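If you're matching positions, the sequence shown starts at 0 in numbering that gives the first Met the number 0 and goes up one per residue. From the three backbone atoms N, C-alpha and C, an ideal C-beta is built for every residue, glycine too. Note that this is a predicted model, so its numbers are computed, not measured. Data block below; observations after.
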Amino acid sequence: MTDAIYRCAGDRAGLYMLEDIVSPEDGWNDNAAGGVTILHNDVAGFVRADDNATLGWVYPEAGDDRLPVFVLGSPDPAGEGGPGCGRPAFQSTRPKRYTTDETVQGELVAAGWRDDGIAFWVPAAASDATAPVYEGDFGDAMTLRWVDGPEADVRGAGTTIFHALREQSDGALPLMRVHVAPYCSRAHDELVAGTARFAKVRSEGDQPLTAVRWSGITEDTVLVVEALDHGCPYQGNLSPQHRDAFEEVFGEYTLEYEAYSTLDDMRAASPTGEVFVNGQSDEQVLPKAIARSFVHVSPSLPTMDFHATFPASEDLRASFGEPTGNEYGLHFVSPEYQVSSYANSNVFFGTMLGELWFAYNDIAADVNGKVRITPNQRGEIAADTFLHVTTEIDVVSTDRRYPQILISDQEAPVQDNLAAGTTIIVQPKDLTPTHLQVQICDHRTWDVNDQCPRLPTFVQGVAPPVGLPGERSGTDNAIGIDIYLSSSRLYMLLDGAPYACVDLPATSFEDGAIYAPPTGSVSVTWGDVLYHSGVDFGSGGGPITGNSYLFHRTHMQKTTRRHFDNLGFSSGVAAPEWDETRYPCAGGDA
């Protein structure tokens, strides 16, 4: 369509699982892997083959005479590593229960199991057209699933969990099994419907993201969501401002950079004027739709003390005057905001597509680059009410690039004033981030190589029943983070669902000291970091290979971009609804 703008899902950027590399084979202990998946190797005394991966056929949607199969993640603390695990965790790496009984599902949720929704649908009754799917525990609480045949002869009688179709029927997908042996979880068999979900569990790494985003909607709108026969073409390094391709020379090193390209640049270079936001394919093929859905949406904005939607009709960048300082500390001021850039040779920011975008690069791809934006309006942290801070942000993260939220009793530029007060920082840090981190900087500075002490976000002795930020890490996708902070408690929500609760003051599990949050009048800052980008996308002392973070390693190794939307805060609000039995609070040290 001439001059159209498309927003493409692209890949979920993440680390990977090894495939059929088992101890003590070379490469088995891989710091960048979450563990091993097995298709053709020995599993508890039976050697599986590739054709054993399909156990039958199931349905991807509800229908007459079908039962949903609920899937739940175990709360066993041995079922998922905590902050000290040091390996990536995925939704698939936690041991599961599968049940068609809604009562059992409710009981498990109440007992602390993670609710992973409905995996697929199966026939409601056994018949000649169905076959039982069994499960049983072996070895160290390793739960396996199988069907009648050679493996059943070895396993013996198991518990029937549901019946699957023996043969394909209209609308049915293959029921596929992957044996997952994580480093930080118990080994188990994972069941999924269809080859796309199978590929994700089998390999993890970069996989097609099943989420798309459209921002800046101000009225009832019909969105057209399409499945494509090819990835969206890459058209350049998207930025709110333009800069031609350039080189930076540092001593004997010359660094080459792609151009920073605006939407208008991309449209002008396209024969059809079409722009593919987040296009990631280097093959310049115009994709064709193979399926299409129409989604009716009605925007509804919250009422908050401060709330910014960054409409495309407003030129935010033009409201700022000339910056002061230099590239090691560059400060921009407008009637509503202060923006700071640290150790970046280029920094571009402004409104685009109904969002706030930053695009920048750290000096020589070798320093601690940072950006910050702080509204001039302030919030209040009290003892009997909460400051509510809300954010939508993309979370493609590593240990060297990630977004942040800072709540501080100091004025902007907060980064310069950290040592004079107390600041709480929330950040989805690390490759395929497993957790939202909470740090408190108590009269000390913070930097990418000088982090503040972390607070516990989950109680010990249980694997938390919450989602993983890394499962949502797409370049154009965004997650919602909500923070409720008083002088005695912190709540966090992830995409509107309860995530973590911390009673304050709390003892850091890193240095053993007790930390209290800022109180009284506070500033709220949103930011991003890019640290020594030239050696980013590495783990365990070496570079990541394969398809993990492939788009970023190819096109954004030395640059980054981050987009924010629906930034807001309100003071004096009530605590969110919270089930402390299901989501108990950590911390609570006097």
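Starting from the Cα of Arg471, find the closest Cα among Val121, Pro583, Asp25, Leu430 and give me that residue.
What you label residue 471 is simply residue 472 of the sequence shown in a count that begins at 1. The candidate whose alpha carbon is nearest that of Arg471 is Leu430.
Anyone know if the C-beta pair for Ile392 and Ile478 falls short of 9 angstroms?
On the sequence shown, position 393 is the one that residue 392 refers to. On the sequence shown, position 479 is the one that residue 478 refers to. It is a contact, given that the beta carbons lie within the stated cut-off.
Whole angstroms are fine: how far does the CA of Met491 sit from the CA of Ser419?
On the sequence shown, residue 419 is found 420 positions in, with the first residue counted as 1. On the sequence shown, residue 491 is found 492 positions in, with the first residue counted as 1. Just to set this straight, residue 419 is Ala in the shown sequence, not Ser. Straight-line Cα distance between these residues: approximately 26 angstroms.
Which whole-angstrom value describes the C-beta separation of Ala462 and Asp63, a residue pair presumed to lie in contact below a C-beta threshold of 8 angstroms?
On the sequence shown, residue 462 is found 463 positions in, with the first residue counted as 1. On the sequence shown, residue 63 is found 64 positions in, with the first residue counted as 1. Not quite, the Cβ-Cβ distance comes to about 37 angstroms (not below 8 angstroms), so this is no contact.
Please list the segments of the alpha helix (DSSP H) lying wholly inside the segment 183-265, counting only runs of 4 or more residues, in order along the chain.
194-202
Can you tell me where the alpha helix (DSSP H) with Glu354 in it begins and where it stops?
The residue you call residue 354 lines up with position 355 of the sequence shown. Premise fails: Glu354 lies in the beta strand (DSSP E), 354-361, not in any alpha helix (DSSP H).
CB-CB under 7 angstroms to Pro322, same chain, minus the five flanking residues each way: which ones, in chain order?
Numbered from its first residue, the sequence shown carries residue 322 at position 323. Leu329, His330, Phe331, listed in sequence order.
Note down the Cα distance separating Gly235 from Leu435, rounded to an integer number of angstroms.
Here the question's residue 235 lines up with position 236 in the sequence shown. Here the question's residue 435 lines up with position 436 in the sequence shown. About 30 angstroms.
Would you list the residues sitting across from Thr397 in a DSSP beta bridge?
For the purposes of this step, residue 397 is taken as the residue at position 398 of the sequence shown. Thr397 pairs with nothing; no bridge assigned.
Buried or exposed for Ala268, going by 16 or more other Cβ atoms inside 10 Å?
By 1-based counting over the sequence shown, the position of residue 268 is 269. The residue is exposed, with fewer than 16 neighbouring Cβ atoms inside 10 Å.
Assigned secondary structure, Thr373 (DSSP; H/G/I helix, E/B strand, else coil)
Residue mapping note: residue 373 aligns to position 374 of the sequence shown, counting from 1. It is a strand residue.
My guess is that Glu247 and Ser344 are in contact by the Cβ rule of under 8 angstroms, so how many angstroms apart are they, rounded?
Reading the sequence shown from its first residue, position 248 is the one you call residue 247. Reading the sequence shown from its first residue, position 345 is the one you call residue 344. At roughly 6 angstroms, the Cβ-Cβ gap stays under 8 angstroms, so Glu247 and Ser344 are in contact.
Please give me, in chain order, every unbroken run of the beta strand (DSSP E) with length at least 3 that falls completely inside the segment 16-94.
32-37, 53-57, 65-72
Collapsed DSSP secondary structure at Gly148 in the structure displayed:
Start at 1 with the first residue of the sequence shown, and residue 148 comes out as number 149. Reduced to three states, the DSSP call for Gly148 is coil.
Around the C-beta of Leu66, are 16 or more other C-beta atoms found within 10 angstroms, so that it is buried, or is it exposed?
By one-based count along the sequence shown, residue 66 stands at place 67. Classification for Leu66: buried.
Would you mind reading off the limits of the beta strand (DSSP E) that contains Asp136?
Here the question's residue 136 lines up with position 137 in the sequence shown. Looking at the DSSP string, the run of the beta strand (DSSP E) that includes Asp136 is 129-137.
If I measure Cβ to Cβ from Pro131 and keep anything under 6 angstroms in the same chain, skipping five residues before and after, which residues do I get?
In the sequence shown, the residue the question calls residue 131 occupies position 132. Thr159, His162.
Outcome for Asn448 when other beta-carbon atoms lying within 10 angstroms are tallied against a minimum of 16
Against the sequence shown, residue 448 aligns to sequence position 449. Flag for Asn448 reads exposed.
Can you name the start and end residues of the beta strand (DSSP E) that Phe309 belongs to?
Numbered from 1 along the sequence shown, position 310 holds the residue referred to as residue 309. No beta strand (DSSP E) contains Phe309, which DSSP labels as neither H nor E.
Paired residues, beta bridge with Leu529 - DSSP
As a working mapping, residue 529 is identified with position 530 in the sequence shown. Answer by DSSP bridge pairing, in chain order: Gly368, Arg400.
Relative to the alpha-carbon of Arg185, which residue among Phe69, Ser569, Phe137 has its alpha-carbon at the smallest distance?
The residue given as residue 185 occupies position 186 in the sequence shown. Answer by Cα proximity: Phe137.
Quick one: measure Cβ to Cβ for Leu386 and Val521, integer angstroms, because I've assumed they're closer than 8 angstroms.
One-based indexing of the sequence shown puts residue 386 at position 387. One-based indexing of the sequence shown puts residue 521 at position 522. Sure, about 7 angstroms apart at Cβ, within 8 angstroms.
Report buried or exposed for Val366, applying the criterion of at least 16 other Cβ atoms within 10 angstroms of its Cβ.
In the sequence shown, residue 366 corresponds to position 367, counting from 1. So Val366 ends up on the buried side.
Quick check on this structure: which residue in Leu14, Asn325, Gln337, Tyr327 has the alpha carbon closest to the alpha carbon of Ser318?
Numbered from 1 along the sequence shown, position 319 holds the residue referred to as residue 318. Ranking the options by Cα distance to Ser318, first place goes to Gln337.
Assuming His306 contacts Gly526 under a Cβ cut-off of 8 angstroms, what Cβ separation, rounded to an integer in Å, is found between them?
Working through the sequence shown from its first residue, we reach residue 306 at position 307. Working through the sequence shown from its first residue, we reach residue 526 at position 527. No, His306 and Gly526 are not in contact; Cβ-Cβ is about 19 angstroms, not under 8 angstroms.
Pro464 to Arg212 span [Cα, whole Å]:
Along the sequence shown, read from residue 1 onward, the residue named residue 464 stands at position 465. Along the sequence shown, read from residue 1 onward, the residue named residue 212 stands at position 213. Going by the C-alpha atoms only, they are around 26 angstroms apart.
Bridge-paired residues (DSSP) for Leu300:
Taking the sequence shown and counting its residues from 1, one reaches residue 300 at position 301. None; Leu300 has no bridge partner.
Nearest residue (CA-CA) to Leu454, options Ala109, Leu503, Leu14:
As a first step, residue 454 is located in the sequence shown; it is residue number 455 there, counting from the start. Ranking the options by Cα distance to Leu454, first place goes to Leu503.
For His178 versus Leu38, is the C-beta spacing smaller than 9 angstroms?
Sequence index remark: in the sequence shown, residue 178 carries index 179 (1-based). Sequence index remark: in the sequence shown, residue 38 carries index 39 (1-based). Yes. Within cutoff.
Which one of Arg488, Gly545, Thr220 has the shortest CA to CA distance from Trp577?
Taking the sequence shown and counting its residues from 1, one reaches residue 577 at position 578. Checked all of Arg488, Gly545, Thr220; the closest Cα to Trp577 is Arg488.
Going straight from the alpha carbon of Ser168 to that of Trp56, what length do you get?
Taking the sequence shown and counting its residues from 1, the one referred to as residue 168 is at position 169. Taking the sequence shown and counting its residues from 1, the one referred to as residue 56 is at position 57. Spanning the two alpha carbons is a distance of roughly 8 angstroms.
Length of the line joining the Cα atoms of Ala192 and Ser91
The residue labelled residue 192 in the question sits at position 193 within the sequence shown. The residue labelled residue 91 in the question sits at position 92 within the sequence shown. Roughly 13 angstroms separates the two Cα atoms.
Taking Cβ to Cβ, would you say Ala364 is nearer than 9 angstroms to His531?
As a first step, residue 364 must be located in the sequence shown, where it is residue number 365. As a first step, residue 531 must be located in the sequence shown, where it is residue number 532. Against a cut-off of 9 angstroms, the Cβ pair of His531 and Ala364 comes out as a contact.
Okay, do the segment 146-155 and the segment 101-110 touch, 3+ Cβ pairs below 8 angstroms being the bar?
no
Is the beta carbon of Ser214 less than 9 angstroms from the beta carbon of Asp564?
In the sequence shown, the residue the question calls residue 214 occupies position 215. In the sequence shown, the residue the question calls residue 564 occupies position 565. It is a contact, given that the beta carbons lie within the stated cut-off.
Decide if Asp100 is buried, meaning its Cβ has at least 16 other Cβ atoms within 10 Å, or exposed.
On the sequence shown, position 101 is the one that residue 100 refers to. Looking at its Cβ environment, which holds fewer than 16 other Cβ atoms inside 10 Å, Asp100 is exposed.
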